[in-house]
Structure formats: C-alpha cells, structure tokens
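Protein chains: 2
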Amino acid sequence: MIGLGDQEKRAVVLYSGGLDSTTVLHMAMDEGYDSYPISFDYKQRHAVELTFAKKSLEKLGLLGRWKVFKLDFSKVKSSALTDSSIEIPKGRHPDEMGDAIPVSYVPLRNTIFLSYAAAYAESLGINHVFIGVNCLDYSGYPDCRPEFLESMEKALSLGSRHADNPGSSFHLHAPLLHLTKSEIIKKGRELGVNYDLTWSCYDPVVEDGMVKPCGACDSCVLRHEAFDALDA
Amino acid sequence: MIGLGDQEKRAVVLYSGGLDSTTVLHMAMDEGYDSYPISFDYKQRHAVELTFAKKSLEKLGLLGRWKVFKLDFSKVKSSALTDSSIEIPKGRHPDEMGDAIPVSYVPLRNTIFLSYAAAYAESLGINHVFIGVNCLDYSGYPDCRPEFLESMEKALSLGSRHADNPGSSFHLHAPLLHLTKSEIIKKGRELGVNYDLTWSCYDPVVEDGMVKPCGACDSCVLRHEAFDALDA
C-alpha cells in the first residue's frame, strides 16, 4: 500500500524550463514543498527549453531528481508546436493575439501532462502537483483555465487510489493562474529566479552556431513586453 | 479550424487486443461508427496483446488505420504490469479477488489512455471515444468506474477546443460498463468476434518457442470462468 498522507509536503512540479514554470518551481520550494520537477520531451519545436530546464535545476540542486517523460505526439496533428509544416505567427502585437485558440495549441497537452504528473505523483505517494498555467496572457488555451483545472483535479482523484480513500485527493496548484506576465516576473525576482536561464520562444533560430529566440512569435513578444513594462 | 461536427459518426476506439476492447470495437462498428482503433505500447508485461490486436484488425480490414502510441511508464512504479519485480497473484478464485485495488493497477493508466485518445480524436475532428472498461469483474480499478468516466468526459471537453464551442463535447462510450464477463462474450459472439484472436493474460509464459497465457492470473481466471459459465 502506498502512503497517501497529506502530512508530507512534497509536490510534483510540471517544469518546462520556461519563464512560467521556472517561477512556479521557485514558488513551490518557497512554500516549503519538497519538489520533484518533471518535463516532457514531445519533439516540440522548442525542445531547447529542456537544456534551459537542466541549467536551472543544476543551480537549484534538483538535477538528480529531474525526470523527463518522452511523449508520442507524432500522431496528434494540428499544432504548430509539433508540426513544422504549420507556420507560427510572427510579429503580432498582444492586442492582435485575441482570445481564439492559437495554432500553437497542442490538443489536450495539459491534460496529458497532468495525467502523467499525477501518475508519477501517485507512484511516489505524493498528492500535490504544481502547474504554471495562467489564463490572462494566453486566454486562448482552453487547458489553461480554472474550470478545466478544477474538473481535471476531480477526474484525477476519481481515477486513482484517492478514490478509495475518503477525504483524500490530488491537489492541483496553479499559483500563476490570475497573474499577468509582469506580475509573474516580479514574483520570480523576489524569489531569486534567474530569468536568463529560462526559455520562452516557440520557434528557435540557429545563428552562428547558437540557438536563439526568434524574437517575433507570440511567446517572445509577450515575454519582451512584460520585461519592458517592469523595467521601464 | 478543425470541424467538430457531431453529424459524422466516427469514433476513436481504445483497443488493446484483449477480450473486452475487441468486443467494444465490434460494438462500435455494429452501431455504425467509422472506427479508428488505437493501442498503447507501454512496455507492459503482456505486450503480446498487441500481436493479437494486429491479427483481429487484419481480419476486420482496419489494420491500415491502427495507431500505436508509445507511452513512457518507466518512471511510474508500483504496478505489477509494468514492473517485473512485483509478483502477479496466481490461482485466486474470483471471490478472493475482492474490491481492493489490485497490484495490476497502473496509476492513472486509463486517464492517460483517454487523454491520448481524446487528443488524437480532436486532431481528426472526432468527438466519440469508446473504451472497454467494466466495473463488475474488476471492481478494484478506480479508473473503470462510472463516476471517473463522467468526470473525465467533462475534463477532456473543458481542456480542448470543445470548450469554445457551445454545446460541443467529447462523448465517452463505455458499453461494457455494467456487463459481466459472460455477458460481454455473449454480446461479442452475436457480433462475430473471434475470441481466439484476443489476449487476456497479464503474465505470459514462453514454452516450446510459443507465448502462452499463464492460466492462473486474475485475468486468465476471470476469462476461463466466463467461458465455462457460458458453455456449461
């Protein structure tokens, strides 16, 4: 029997190496959670984020605990992040990004991520899972909204050992849910996040033997706007 | 934009090559669903089931449409199906199996399976997903119960493009949910299922260069009991 005791303050943290999840990892640690970072290798166009993830984890002394799950999205088409034949929009002002589901949406990606995170957590007897979604800057992603997270928390609990333990359940923590990108960075700076070790770009370019952010995809634009607003 | 039209009677069918899911595949086809079978290769102890899956699909003319997703369960311990160091109980009478969660339970397996099935379905513009769970013979699995399926259907819909399409949602079909194993086989025989091409055993043995069911694990016992009851 695997212990499900809530008394242990341990958490699995979904950690991509991006700005948001790096901040979340620091927040979880600051809140006293013994943290188990996990990442996903799904042949994403921006797999370079995993190199950044590794750098931050080295600095935090958590590299030995890091797990990377390989996911098979090869048969799930229709996302610009996993299908290089779909173009990533460039040079859009945040006002132009709108609320529509963007081409970078990967079908059910966070549902799959959270299912894996919960499976891994359950196998370790951990009840807490942190995820760095927010519903302000990327309002177009259905799997970044509060109603999805509530519903997923319930499904995960009912589909696991928690179902047979009255009062026991998974707890999904999404501390960035209602923060703007600038507020996230502000919070992270207070906690000592080194944002130079985070990656946001969806469409990395290779130049002079270096991998660089494109500077023009939605993710780059939102990142730059947020830093500009803070440092103005 | 991907069409989400319910008018098209197409379905993704979770299909392991086992007795239950083979029956479900036949039921979906009998109900007029143009069916897209998917399977999972998660280094399960009984991966031989995929060979059986292939045989049945050849017979049904669906082999060309079959997709097998590779899943990484290497970091999710605690199940006898994915960890060969955990022993599979043998020779238990169905009355001894009880309602407790069995060692063959793989943490959140059906949650992960359904998330992938829905992601694949969404990328094809399909709203219907069939799954061969039942809550009678295997009452110990939390992810085979009606309350889990309802909750998961909601989470999948809220985490996908359906969220932005009023009135649109995923439909999870679990036509075996309240059937006994004998009733499932009876139904399958009416639909022409060849059960010689299905695999149930959790712990295959190799003898004389052949892979054979062990005959003693819970899954073998329940299968034999069901056939015996029908053919008595």
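In the order they appear, the protein sequences are chains A and B. Position one of the first sequence corresponds to residue 1 (the numbering used here), numbered consecutively onward. Position one of the second sequence corresponds to residue 1001 (the numbering used here), numbered consecutively onward. Even glycine gets a Cβ: it sits at the ideal position worked out from N, Cα and C. Because the structure is a prediction, the values reported are computed rather than measured.
Exercise. Report the residues of the stretch 1155-1188 of chain B with a CB closer than 7 Å to any CB of chain A, ordered along the chain.
Key: A1155, L1156, L1158, G1159, S1160, R1161, A1163 and D1164
Quiz item: Between B:L1114, B:L1081, B:E1183 and B:E1225, which lies nearest to P1204 (chain B) when the distance is taken from Cα to Cα?
Solution: When each option's Cα is compared against that of P1204 (chain B), the closest is B:L1081.
Practice problem: Taking C-beta pairs closer than 7 Å, name the residues in chain A that V1076 (chain B) reaches, listed in chain order. | Solution: Using a Cβ-Cβ cut-off of 7 Å, V1076 (chain B) is close to A119, Y120 and S123 of chain A, given in chain order.
Quiz item: Just how far apart, CA to CA, sit M1027 (chain B) and H1173 (chain B)?
Solution: When only Cα atoms are considered, M1027 (chain B) and H1173 (chain B) end up about 11 Å apart.
Quiz item: Do you know how far the Cα of R223 (chain A) is from the Cα of G1192 (chain B)?
Solution: 58 Å
Quiz item: Considering Y120 (chain A), what are the terminal residues of the alpha helix (DSSP H) in which it resides?
Solution: R109 to L124
Quiz item: Going by alpha carbons, who is nearest to C1135 (chain B) out of B:K1070, B:I1101, B:I1126 and B:K1212?
Solution: B:I1101
Quiz item: Considering only the beta carbon of each residue, do F130 (chain A) and I185 (chain A) sit closer than 9 Å?
Solution: With contacts defined as CB atoms closer than 9 Å, F130 (chain A) and I185 (chain A) fail to qualify as a contacting pair.
Self-check item: For L108 (chain A) and L1050 (chain B), believed in contact at Cβ under 8 Å, the rounded distance
Solution: Actually they are not in contact, since the Cβ atoms of L1050 (chain B) and L108 (chain A) sit about 23 Å apart, beyond 8 Å.
Quiz prompt | Within chain A, the residues that Y1116 (chain B) reaches when beta carbons sit closer than 7 Å | solution = Here the neighbours are I112.
Self-check item: Beta carbon of S1021 (chain B) nearer than 9 Å to that of V1012 (chain B)
Solution: no
Self-check item: Residues from the stretch 13-28 of chain A in contact with chain B, defined by Cβ distance under 7 Å
Solution: none
Quiz item: What residue ranges within the stretch 1154-1200 of chain B form continuous alpha helix (DSSP H) runs of no fewer than 4 residues, ordered along the chain?
Solution: 1181-1190
Quiz item: Relative to the alpha-carbon of R92 (chain A), which residue among A:H178, A:C214, A:A232 and A:L230 has its alpha-carbon at the smallest distance?
Solution: A:C214
Quiz item: Nearest to C144 (chain A) by CA position, among A:S151, A:L57 and A:L177, is which residue?
Solution: Nearest C-alpha to C144 (chain A): A:L177.
Self-check item: Continuous alpha helix (DSSP H) stretch holding D1218 (chain B): start and end
Solution: D1218 to D1231
Quiz item: How would you write the range of the alpha helix (DSSP H) that V24 (chain A) sits in, first residue to last?
Solution: L19 to D30
Quiz item: Which chain B residues sit within Cβ distance under 9 Å of E147 (chain A)?
Solution: L1158 and A1163
Self-check item: Rounded separation between K54 (chain A) and Y1120 (chain B) - CA only
Solution: 30 Å
Practice problem: For my contact list, A163 (chain A) and P1142 (chain B) are in at a C-beta cut-off of 8 Å; report their separation, rounded to the angstrom. | Solution: 4 Å
Quiz item: Which chain B residues are close to K70 (chain A), counting only those with a beta carbon under 8 Å from its beta carbon?
Solution: K1070 and D1072
Exercise. Please report how far the alpha carbon of S160 (chain A) lies from the alpha carbon of G1140 (chain B), in whole angstroms.
Key: In this structure, the straight-line span from the alpha carbon of S160 (chain A) to that of G1140 (chain B) is close to 11 Å.
Quiz item: In terms of residues, what are the limits of the alpha helix (DSSP H) holding A1053 (chain B)?
Solution: E1049 to L1060
Quiz item: If you count every other CB in all the chains shown that lies within 10 Å of the CB of M152 (chain A), and 16 or more means buried, which is it?
Solution: buried
Quiz item: Are G17 (chain A) and T198 (chain A) close, meaning C-beta to C-beta below 9 Å?
Solution: Contact: yes.
Quiz item: Using the beta-carbon count (16 or more within 10 Å), is V1208 (chain B) buried or exposed?
Solution: Looking at the sequence itself, residue 1208 (chain B) is Asp, so the reference to Val does not match. Exposed.
Practice problem: Quick one: residues in its chain with C-beta nearer than 6 Å to the C-beta of N1110 (chain B), no 5 flanking neighbours on either side, listed in chain order? | Solution: D1143
Quiz item: Hey, quick one: how far does the beta strand (DSSP E) through D34 (chain A) stretch, first residue to last?
Solution: Element bounds for D34 (chain A): D34 to D41.
Exercise. Closer than 7 Å by beta-carbon distance: list the chain B residues that pair up with M152 (chain A), in chain order.
Key: A1155 and G1159
Self-check item: Interface partners of I1101 (chain B) on chain A, CB under 8 Å
Solution: R161 and D164
Quiz item: Does any residue of chain A bring its CB to less than 9 Å from the CB of L1050 (chain B)?
Solution: No, L1050 (chain B) does not count as interfacial toward chain A.
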